[in-house]
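Novice: If you number the sequence shown the way numbering that gives the first Met the number 0 does, the last residue is 53 and the count never jumps.
Have a look at this one.
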Amino acid sequence: MSLRDPFKLALARSHLVDKTVCRSCGATNPPKAVKCRKCRGKNLRPKRVKGRSG
């Protein structure tokens, strides 16, 4: 699926990629989270983005 519209691309990215992931339990959290919603740990990382291969 190709997204050429910049607004749709930004919208899709915000729903799929702009998240943080807890390193302890693996739960996904909002991008501005300080603590994990599930285990209350502070060890968060940004969600990995797969590069375009081809």
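Glycine residues also receive a C-beta, built at the ideal position from the N, C-alpha and C atoms.
Work out the CA separation of V48 and C21 for me, nearest whole Å.
Specialist: Looking up residue 21 in the sequence shown gives position 22. Looking up residue 48 in the sequence shown gives position 49. Straight-line Cα distance between these residues: approximately 16 Å.
Novice: Go ahead and label L43 buried or exposed: buried means 16 or more other beta carbons lie within 10 angstroms of its beta carbon, across all protein chains shown.
Specialist: Here residue 43 corresponds to residue number 44 of the sequence shown, with the count starting at 1. It counts as buried.
Novice: When the distance is taken between beta carbons, is K37 closer than 8 Å to T19?
Specialist: Mapped onto the sequence shown, residue 19 falls at position 20. Mapped onto the sequence shown, residue 37 falls at position 38. No, Cβ-Cβ distance for T19 and K37 is not below 8 Å.
Novice: Just reading off the alpha helix (DSSP H) that P5 is part of, what are its end residues?
Specialist: Within the sequence shown, the letter at position 6 stands for residue 5. Start and end: 5-15.
Novice: To which residues does DSSP link V20 through a beta bridge?
Specialist: Residue 20 sits at position 21 when you count from the first residue of the sequence shown. Looking at the DSSP assignment, V20 forms a beta bridge with T27, R44.
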